[in-house]
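Q:
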Amino acid sequence: MRLSHPAHRVYPSLSEPAARGFTEFLGGPVGRFAAVGRARFFTPLRVLIALALTFLSFGYLSKAACLGGIRQDDGSVSLNWAGSRQYTAACYNDIVPLYSGRGLDQPGFVYAFSWTEGDLTRYMEYPVLAGLFQGIMGWWSRTTFPLIDALGAPIPAASWYFTSTACVFAVLWVLTIGFVAELTGNRVWDTVLVAASPIVIVHAFSNWDIPSIFLAVLAMWLIARARPGWALWAGVAIGLGTAFKLWPLYLLGAYLVLAVRARKLGAWVAMALTAAAAWLAVNIPIMLAYPEAWREFLRLNSERSWEWTTIWAVISRRTGWTGFDEAGEPTILNLVTFLLFAGACLGIAIYGWRVARTPRVAELVTLILAAFLLFNKVWSPQYSLWLVIPVVLALPRWRLLLTWMTTEMVLWPVLMWHLLGQDNKGAPDWLLDTIVITRDAFIVAICVLIIRQMARKVADPVRAAHQGHDPLAGEFGVHKGRRQAKERI
Numbered sequence: 030m031r032l033s034h035p036a037h038r039v040y041p042s043l044s045e046p047a048a049r050g051f052t053e054f055l056g057g058p059v060g061r062f063a064a065v066g067r068a069r070f071f072t073p074l075r076v077l078i079a080l081a082l083t084f085l086s087f088g089y090l091s092k093a094a095c096l097g098g099i100r101q102d103d104g105s106v107s108l109n110w111a112g113s114r115q116y117t118a119a120c121y122n123d124i125v126p127l128y129s130g131r132g133l134d135q136p137g138f139v140y141a142f143s144w145t146e147g148d149l150t151r152y153m154e155y156p157v158l159a160g161l162f163q164g165i166m167g168w169w170s171r172t173t174f175p176l177i178d179a180l181g182a183p184i185p186a187a188s189w190y191f192t193s194t195a196c197v198f199a200v201l202w203v204l205t206i207g208f209v210a211e212l213t214g215n216r217v218w219d220t221v222l223v224a225a226s227p228i229v230i231v232h233a234f235s236n237w238d239i240p241s242i243f244l245a246v247l248a249m250w251l252i253a254r255a256r257p258g259w260a261l262w263a264g265v266a267i268g269l270g271t272a273f274k275l276w277p278l279y280l281l282g283a284y285l286v287l288a289v290r291a292r293k294l295g296a297w298v299a300m301a302l303t304a305a306a307a308w309l310a311v312n313i314p315i316m317l318a319y320p321e322a323w324r325e326f327l328r329l330n331s332e333r334s335w336e337w338t339t340i341w342a343v344i345s346r347r348t349g350w351t352g353f354d355e356a357g358e359p360t361i362l363n364l365v366t367f368l369l370f371a372g373a374c375l376g377i378a379i380y381g382w383r384v385a386r387t388p389r390v391a392e393l394v395t396l397i398l399a400a401f402l403l404f405n406k407v408w409s410p411q412y413s414l415w416l417v418i419p420v421v422l423a424l425p426r427w428r429l430l431l432t433w434m435t436t437e438m439v440l441w442p443v444l445m446w447h448l449l450g451q452d453n454k455g456a457p458d459w460l461l462d463t464i465v466i467t468r469d470a471f472i473v474a475i476c477v478l479i480i481r482q483m484a485r486k487v488a489d490p491v492r493a494a495h496q497g498h499d500p501l502a503g504e505f506g507v508h509k510g511r512r513q514a515k516e517r518i
């Protein structure tokens, strides 16, 4: 990894009020005569990696209460979730229960496995690459678990599967931190907000989100390097990321705005085509061999109703509203959420094309993702992890972002408490709704500040640290003729 030259770096001890108190504890801000960039071991990248591993450890510990086992009379070890431990300890994650729930604990191809719920035949409900990843980790866990079981400790097979998955995620997250450290350029210490994010503590291991984040950040890094042909590889990364989780697809929208302004539509089309090719290469074999299983992701997402922490759920709990659809599939809700998101994307694109100064990539990505989460009928709490890196790159205001991330962290145990139900003294509706609205308000505030930053109503610290340029734009930030001269003003 290549970091920016030490002489050009922005130091949070001098620029960020949220960091000053901590740096005073360590000995004060960087001095005038400090020999910056000469550390032999504690380089910025190593410090950031150590910080990331520390918070990943906290993330593992936050799920540890759900990993305990109890030995049965026949000698086998099963999970001990007695007393609704997954809720009372706020350690719930999808990885542990889906080990047996999706047939990962037995031989066979992951998309060939099915089970019945009433009259419905169910299959793996994740996008293809996420399902294949789970299948590979299931094979690894089944193969190596006898060695773990031989130790004699009451470790359930699902807990070993979780731990193995967490180790792979940790490697991918450390690589992601390295890419982010490069993307931050002269503001390398903004990466602290990613490595030490409170959201990592509660959601690093809630679901299979880290691989998609890694692929999305890899795509941005490849484009930022501005090497010939690397945008095509970025398209591959976007396609694979979309095959893991849907959201990396939205990166194409951000780069489209820049491509139109820079008159680089050809490069954007080539990148979009490689993204489509990568997605098809992964999906077509499963689509042909297991069509019903392949459609499960689409079926489930079209038929499910709103999730507990969406604005739709808050309205329902506050007013008693039962939704647009009286019964059955939420057809109208699906249409309304789609139109709201599509309208927001169109508005972001028009604003991005009309604003005087070319928007930065991270600004556009943040606005698109925020619109998706705010309007969507599903906002699984771990989805907020998608926002962390784009927001840090777009609006590195430490105090604001740390407050928002802390709100996200608090939301998780409150939701778990709420899911216990009123009969089990679960959290009341008003408490959950208050936290959800507070979280949403922070994200809206972040979006408003980004919009004002794009319009030059407030200072842009990232451009100020990079001579007015966007360190992520790559070839899409290159302008021609008078337009280029105007952008430099």
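The numbering used here numbers the first residue of the sequence shown as 30 and each following residue consecutively. Even for Gly, the Cβ is constructed at its ideal location relative to N, Cα and C.
Compute the beta-carbon to beta-carbon distance between TRP297 and TYR284, rounded to the nearest angstrom, for a pair I have assumed lies under 8 angstroms.
A: Contact flag correct, Cβ pair sits at about 6 angstroms.
Q: Span of the beta strand (DSSP E) holding GLY98?
A: Here the beta strand (DSSP E) through GLY98 covers 98 to 100.
Q: How long is the line joining the alpha carbons of PHE54 and PRO41, rounded to whole angstroms?
A: Below a pLDDT of 50, predicted positions are generally treated as unreliable, and PHE54, at 48, falls in that range; no measurement from the model is reported.
Q: For the beta strand (DSSP E) containing GLU392, name the first residue and the last one.
A: Where GLU392 is concerned, there is no enclosing beta strand (DSSP E), although the alpha helix (DSSP H) it sits in stretches over 390 to 404.
Q: Please state if the CB of ILE228 and the CB of GLY98 are separated by a distance shorter than 7 angstroms.
A: Not closer than 7 angstroms, so no.
Q: Look at the alpha carbon of ASP102 and the alpha carbon of VAL417, and state the distance between them as a whole number of angstroms.
A: Their backbone Cα atoms lie some 46 angstroms apart in a straight line.
Q: Figure out for me which residue from ALA245, GLY214, ILE397 has the closest Cα to the Cα of HIS498.
A: Looking at the Cα atoms, GLY214 is the closest of the given residues.
Q: What did DSSP end up calling ARG151 once you bin it into helix, strand or coil?
A: ARG151 falls in the strand class under three-state DSSP.
Q: From the DSSP output, read off the bridge partner residues of GLU146.
A: Paired residues: LEU149.
Q: Just to confirm my understanding: we take GLY268, look at its own chain, exclude 5 residues before and 5 after, and list those with CB closer than 6 angstroms. What are they?
A: Cβ neighbours of GLY268 beyond the five flanking positions: ALA304, ALA307, TRP308.
Q: Quick one: grab the DSSP three-state call for VAL289.
A: DSSP places VAL289 in helix when its eight states are reduced to three.
Q: Helix, strand or coil for PHE54? Go by DSSP, reduced to three states.
A: Residue confidence for PHE54 is low, a pLDDT of 48 falling below 50, so the modelled location carries little weight and cannot support an answer.
Q: Do you know whose CA, among TYR152, ALA385, ALA79, lies nearest PHE326's CA?
A: Out of TYR152, ALA385, ALA79, TYR152 has the C-alpha closest to the C-alpha of PHE326.
Q: For a test of your reading of the model: does the CB of LEU280 fall under 6 angstroms from any non-hydrogen atom of the ligand FAD? Yes or no.
A: Summarising the ligand content, the structure contains no ligands, and the ligand FAD is consequently not present.
Q: Indicate the three-state DSSP secondary structure (helix, strand or coil) for LEU424 in the structure shown.
A: Three-state DSSP puts LEU424 in coil, outside helix and strand.
Q: Considering only their Cβ atoms, is the gap separating ALA225 from PHE71 smaller than 7 angstroms?
A: Not in contact: PHE71 and ALA225 (Cβ atoms no closer than 7 angstroms).
Q: Once DSSP output is grouped into helix, strand and coil, what is the label at VAL384?
A: The answer is coil: DSSP assigns VAL384 none of H, G, I, E or B.
Q: Quick one: give me the first and last residue of the beta strand (DSSP E) that LEU108 is part of.
A: Start and end: 106 to 108.
Q: Measure from the alpha carbon of ALA389 to the alpha carbon of each residue in LEU317, LEU362, VAL491, then state which is nearest.
A: Sequence check: residue 389 is Arg here, not Ala. Taking only the C-alpha atoms, the option nearest ARG389 is VAL491.
Q: Starting from VAL232, trace the alpha helix (DSSP H) both ways and give me its first and last residue.
A: Reading the sequence as shown, one finds His at residue 232 and not Val. Unbroken alpha helix (DSSP H) run through HIS232: 227 to 232.
Q: If GLY503 and ALA291 are in contact, beta carbons under 8 angstroms, what's the gap, nearest whole angstrom?
A: Rounded, the Cβ-Cβ distance is 10 angstroms, inconsistent with contact.
Q: Verify whether the separation of the beta carbon atoms of VAL443 and LEU461 is less than 7 angstroms.
A: Yes.
Q: Is the beta carbon of LEU247 less than 7 angstroms from the beta carbon of ALA233?
A: Taking 7 angstroms as the Cβ cut-off, LEU247 and ALA233 do not qualify as a contacting pair.
Q: How is the alpha helix (DSSP H) around ASN312 delimited, first residue to last?
A: It spans 294 to 318 - the alpha helix (DSSP H) in which ASN312 sits, taken as one unbroken run.
Q: According to DSSP, simplified to helix, strand and coil, what is ALA179?
A: In this structure, ALA179 counts as coil in the three-state DSSP scheme.
Q: Can you list, in chain order, the residues of its chain whose CB lies under 7 angstroms from that of ARG512, leaving out five sequence neighbours each side?
A: Summary for ARG512: the model assigns pLDDT 45, below 50, so the residue's position carries little reliability; its value from the coordinates is reported in the next sentence. Answer for ARG512: no residue qualifies.
Q: Excluding sequence positions up to five away, which residues of its chain have a Cβ less than 7 angstroms from the Cβ of ALA141?
A: Within the same chain, ALA141 has close Cβ partners TYR319.
Q: Indicate whether PHE208 and TRP250 have their beta-carbon atoms separated by less than 7 angstroms.
A: Taking 7 angstroms as the Cβ cut-off, PHE208 and TRP250 qualify as a contacting pair.
Q: How would you write the range of the alpha helix (DSSP H) that TRP341 sits in, first residue to last?
A: Counting along the chain, the alpha helix (DSSP H) containing TRP341 begins and ends at 340 to 348.
Q: Going by beta carbon distance, what residues of the same chain come within less than 6 angstroms of TYR128, once the five residues before and after it are set aside?
A: Closer than 6 angstroms at Cβ, skipping near neighbours: ASP134, ALA187, TYR190.
Q: Tell me whether LYS92 is buried or exposed, calling it buried when 16 or more other Cβ atoms sit within 10 Å of its Cβ.
A: So LYS92 counts as buried.
Q: Rounded C-beta distance between THR467 and PRO410? I'm assuming under 8 angstroms.
A: That pair is no contact at about 14 angstroms.
Q: Helix, strand or coil: how does DSSP classify GLY503 here?
A: In this structure, GLY503 counts as helix in the three-state DSSP scheme.
Q: Between the stretch 378 to 386 and the stretch 341 to 353, are three or more C-beta pairs nearer than 8 angstroms?
A: No: the two stretches stay apart, fewer than three of their Cβ pairs being nearer than 8 angstroms.
Q: Kindly list the residues whose CB is nearer than 7 angstroms to the CB of ILE361, restricted to its own chain and excluding five residues on each side of it in sequence; keep chain order.
A: Taken in chain order, the residues that qualify are PHE353, ASP354.
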